[in-house]
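*Asks:* One structure, pasted below without further comment.
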Amino acid sequence: MNRSEQLFGRAKKVLPGGVNSPVRFYEPYPFFATSARGSKLTTADHKTYLDYCMGYGAMVLGHGYSSVIEAVRSQLDNGTLFCVPTEREIKLAEMICKVVPCAEMARLLNTGSEATMHAIRLARAFTKRKCVIKFEGGYHGAHDYVLAKAGSGAASMPASEGVLEEASAQTAVVPYNDPAALERAIEKNRDTACVIIEPVLANIGLVLPEKRYLNEVRRITEQNDVVLIFDEVVTGFRLQLGGASEFFGIKPDLAAFAKALGNGLPIAAIAGKREIMSKLAPAGAAYQASTFAGNSVSVAAAIATLETLIEAKNAIYPKIARTCDSIVDGIKDALSAAQLDCTVNSIGSMFQLFFTGEKVKDEASAKKSNAAIFRRLFDELLKRDVFIPPSQFETCFVSYAHSEDDADKTIEAYSEAFRRIKKQQ
Ligand SMILES: Cc1ncc(COP(=O)(O)O)c(C=O)c1O
Numbered sequence: 004m005n006r007s008e009q010l011f012g013r014a015k016k017v018l019p020g021g022v023n024s025p026v027r028f029y030e031p032y033p034f035f036a037t038s039a040r041g042s043k044l045t046t047a048d049h050k051t052y053l054d055y056c057m058g059y060g061a062m063v064l065g066h067g068y069s070s071v072i073e074a075v076r077s078q079l080d081n082g083t084l085f086c087v088p089t090e091r092e093i094k095l096a097e098m099i100c101k102v103v104p105c106a107e108m109a110r111l112l113n114t115g116s117e118a119t120m121h122a123i124r125l126a127r128a129f130t131k132r133k134c135v136i137k138f139e140g141g142y143h144g145a146h147d148y149v150l151a152k153a154g155s156g157a158a159s160m161p162a163s164e165g166v167l168e169e170a171s172a173q174t175a176v177v178p179y180n181d182p183a184a185l186e187r188a189i190e191k192n193r194d195t196a197c198v199i200i201e202p203v204l205a206n207i208g209l210v211l212p213e214k215r216y217l218n219e220v221r222r223i224t225e226q227n228d229v230v231l232i233f234d235e236v237v238t239g240f241r242l243q244l245g246g247a248s249e250f251f252g253i254k255p256d257l258a259a260f261a262k263a264l265g266n267g268l269p270i271a272a273i274a275g276k277r278e279i280m281s282k283l284a285p286a287g288a289a290y291q292a293s294t295f296a297g298n299s300v301s302v303a304a305a306i307a308t309l310e311t312l313i314e315a316k317n318a319i320y321p322k323i324a325r326t327c328d329s330i331v332d333g334i335k336d337a338l339s340a341a342q343l344d345c346t347v348n349s350i351g352s353m354f355q356l357f358f359t360g361e362k363v364k365d366e367a368s369a370k371k372s373n374a375a376i377f378r379r380l381f382d383e384l385l386k387r388d389v390f391i392p393p394s395q396f397e398t399c400f401v402s403y404a405h406s407e408d409d410a411d412k413t414i415e416a417y418s419e420a421f422r423r424i425k426k427q428q
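When the letters of the sequence shown are read in order and numbered with the working numbering, they come out as residues 4 to 428.
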């Protein structure tokens with residue numbers, strides 16, 4: 004029995020399902036990590052994997068990025084949690100307001116789920132309306148109003164027990180990439196407070212917006228006075244410095260950030276229009292609070308991350324996109340050589356494969372992918388020292404630390420994996 008198997012046996016006794024987040028489990032047991040550096044993860048069994056999970060997108064600069072680690076280290080000597088305001092929180096909010104197109108004000112929080120939950124409450128407080136519209140396959144965290152037809156781990160499960168029917172009843176779900184469906188849903192429900200959307204779906208595999216789709220979403224929400232929330236938890240500071248909003252040139256009313264903001268430290272933010280943000284307590288009457296919000300260690304990590312991203316944006320974003328493109332080009336060549344039916348979606352530093360001949364443009368088409376082949380791919384890649392998220396309904400992430408040599412090894416691993424899969428078909 005290897006060390007990971009032993010550890011999983013122990014974990015199951017004290018951690019439900021042996022893990023602290025469902026997407027981390029896969030049959031028969033996940034490998035356990037001991038350390039991570041750059042583009043690589045090391046396991047309890049002394050194996051080293053090229054990592055394309057990258058903290059589900061959080062590690063935009065790579066594991067253990069030196070300026071982030073330095074900033075955390077030096078902050079530790081000065082205290083971790085004050086629960087009174089600090090100048091560095093202002094600095095971080097100013098940086099967010101400088102780079103995020105819709106941001107006139109920001110509120111710091113800890114996780115993406117918190118950010119979307121409070122952005123929705125804020126939209127309700129601002130509009131004095133109740134209902135939420137989300138998209139099939141869109142994932143916004145694990146809270147009650149957004150779990151209907153959600154992506155990520157929830158995509159492989161029946162509707163979650165314990166979610167109040169009364170809460171779900173306030174959420175309408177429409178297909179992505181279908182502006183007419185969104186327009187109809189808003190017309191049908193004049194009590195709609197907000198539309199929350201991942202501008203690029205990254206939790207049902209990777210699904211891109213069709214041309215002008217996001218412009219249409221903006222037009223429809225604006226014409227109906229509905230608050231548009233971009234969930235940029237994945238795309239923020241990753242797709243571009245100013246997230247999907249900068250990438251596509253569209254300004255939502257509010258945006259939620261987490262993941263890449265702290266390059267591996269837990270930190271999140273809501274940012275947006277001053278008139279909406281001012282509704283947050285104590286300025287306004289929409290209550291949101293958190294003991295750990297703005298804690299010094301996470302803030303130090305986020306400032307160091309943003310400083311690096313701002314300073315080197317002209318090097319970082321083109322580089323990670325180039326590395327991702329070369330991996331995707333290599334994968335596409337290997338797929339045609341192996342004669343496998345597969346659609347590859349990619350944008351910026353993100354990519355995912357779907358084993359279907361159809362174009363993947365929404366949840367319904369994503370779910371046509373052959374899950375058994377995807378699972379074979381995951382196993383074959385792992386045998387070749389490449390770790391991708393263990394689910395079809397996630398996305399692979401390239402970081403600034405991934406080198407050309409990493410890309411070549413990755414293409415080689417995919418090519419061999421495809422040959423094995425084809426042989427056994
Ligand atoms: C788009 C999106 N929104 C929200 C969340 C929730 O973030 P967290 O896991 O930090 O609560 C996630 C997590 O994967 C996400 O991908």
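Every residue, glycine too, gets a C-beta built ideally from N, C-alpha and C.
Remember, predicted model here, so these are calculated numbers, not experimental data.
1. Leaving out five residues before and five after L309 in sequence, what residues of the same chain have Cβ atoms less than 8 Å from its Cβ?
2. At a cut-off of 7 Å, would you count T119 as near ligand 1, judging by its Cβ distance to the nearest heavy atom?
3. Does the separation of the CB atoms of A337 and F421 fall below 8 Å?
4. Counting along the chain, where does the beta strand (DSSP E) carrying C197 start and finish?
5. Nearest to D54 by CA position, among S155, A416, K425, I123, is which residue?
6. Can you check whether the CB of K262 is closer than 8 Å to the CB of A410?
7. Under a three-way DSSP split, which group does M160 fall into?
8. Can you tell me whether DSSP reads C105 as helix, strand or coil?
9. Give the secondary structure of I270 by DSSP, where H, G and I count as helix, E and B as strand, and everything else as coil.
10. Please give me, in chain order, every unbroken run of the beta strand (DSSP E) with length at least 3 that falls completely inside the stretch 147–191.
11. Shorter than 7 Å, the distance from the beta carbon of V203 to the closest heavy atom of ligand 1, or not?
12. Just how far apart, CA to CA, sit A162 and D408?
13. Taking Cβ positions, are A404 and L64 nearer each other than 8 Å?
14. Mind checking whether the beta-carbon of N206 lies closer than 7 Å to any heavy atom of ligand 1?
15. Per DSSP, L44 is paired with what?
16. How long is the line joining the alpha carbons of N206 and S116, rounded to whole angstroms?
17. On the three-pair Cβ rule with 8 Å, is the stretch 112–128 touching the stretch 290–297?
18. What are the start and end residues of the beta strand (DSSP E) that includes V347?
19. In its own chain, which residues sit with a C-beta less than 6 Å from the C-beta of D344, not counting the 5 before and 5 after it?
20. Identify, in the order they occur along the chain, each residue of the same chain with its Cβ nearer than 7 Å to the Cβ of L283, setting aside the five sequence neighbours on each side.
21. Can the beta-carbon of T89 be found less than 8 Å from the beta-carbon of V135?
22. Per DSSP, what are the beta-bridge partners of I330 in this structure?
23. Name the residue from K15, L257, I350 whose alpha carbon lies nearest to the alpha carbon of T326.
24. Could you check which residue in G140, K15, K364, K131 has the C-alpha nearest to that of E397?
25. Which residues does DSSP pair with I232 in a beta bridge?
26. Mapping DSSP to helix, strand and coil, what is H143?
27. Please report the straight-line C-alpha distance between S24 and A36, rounded to a whole angstrom.
*Replies:* By the coordinates alone:
1. In the sequence shown, counting from the first residue as 1, residue 309 sits at position 306. These residues qualify, in order along the chain: L95, M98, I99, V102, F240, L264.
2. For this step, residue 119 is matched to residue 116 along the sequence shown. True, at least one ligand heavy atom lies under 7 Å from that Cβ.
3. Counting from one through the sequence shown, the residue named residue 337 turns up at place 334. Counting from one through the sequence shown, the residue named residue 421 turns up at place 418. Cβ atoms of A337 and F421: closer than 8 Å.
4. Within the sequence shown, numbered from 1, the residue matching residue 197 stands at position 194. 195–200 is the extent of the beta strand (DSSP E) around C197.
5. Residue numbering aside, residue 54 sits at position 51 when the sequence shown is read from its first letter. With distances taken between Cα atoms, D54 lies closest to A416.
6. On the sequence shown, position 407 is the one that residue 410 refers to. On the sequence shown, position 259 is the one that residue 262 refers to. No, Cβ-Cβ distance for A410 and K262 is not below 8 Å.
7. Your numbering for residue 160 matches position 157 in the sequence shown. If DSSP states are grouped into helix, strand and coil, M160 belongs with coil.
8. Sequence index remark: in the sequence shown, residue 105 carries index 102 (1-based). Residue state, collapsed to three classes: coil.
9. Translated into the one-based positions of the sequence shown, residue 270 becomes position 267. Correct three-state label for I270: coil.
10. 174–177
11. Your numbering for residue 203 matches position 200 in the sequence shown. No, the Cβ of V203 stays beyond 7 Å of every heavy atom of ligand 1.
12. Walking along the sequence shown from the start, residue 162 turns up at place 159. Walking along the sequence shown from the start, residue 408 turns up at place 405. Spanning the two alpha carbons is a distance of roughly 42 Å.
13. Counting from one through the sequence shown, the residue named residue 404 turns up at place 401. Counting from one through the sequence shown, the residue named residue 64 turns up at place 61. A contact, by the Cβ cut-off of 8 Å.
14. By one-based count along the sequence shown, residue 206 stands at place 203. At least one heavy atom of ligand 1 is nearer than 7 Å to the Cβ of N206, so yes.
15. Position 41 of the sequence shown, counted from the start, is the residue given in the question as residue 44. According to DSSP, which records beta bridges pairwise, L44 is partnered with A39, Y52.
16. As a first step, residue 206 is located in the sequence shown; it is residue number 203 there, counting from the start. As a first step, residue 116 is located in the sequence shown; it is residue number 113 there, counting from the start. Approximately 14 Å between the Cα atoms of the pair.
17. yes
18. The residue given as residue 347 occupies position 344 in the sequence shown. It spans 346–350 - the beta strand (DSSP E) in which V347 sits, taken as one unbroken run.
19. Position 341 of the sequence shown holds residue 344. Correct list, in chain order: G360.
20. Here residue 283 is taken as the residue at index 280 of the sequence shown, counted from 1. Answer for L283: R110, L125, A289, Q291, listed in chain order.
21. The residue you call residue 89 lines up with position 86 of the sequence shown. The residue you call residue 135 lines up with position 132 of the sequence shown. No, the Cβ-Cβ distance between T89 and V135 is not below 8 Å.
22. On the sequence shown, residue 330 is found 327 positions in, with the first residue counted as 1. DSSP, once it has assigned bridges, lists no residue as partnering I330.
23. As a working note, residue 326 is residue 323 in the sequence shown. Comparing Cα positions, the closest option is I350.
24. Looking up residue 397 in the sequence shown gives position 394. The residue with the shortest Cα to Cα distance from E397 is G140.
25. Your numbering for residue 232 matches position 229 in the sequence shown. Answer by DSSP bridge pairing, in chain order: I199, L257.
26. As a first step, residue 143 is located in the sequence shown; it is residue number 140 there, counting from the start. Residue state, collapsed to three classes: coil.
27. Position 21 of the sequence shown, counted from the start, is the residue given in the question as residue 24. Position 33 of the sequence shown, counted from the start, is the residue given in the question as residue 36. Roughly 15 Å separates the two Cα atoms.
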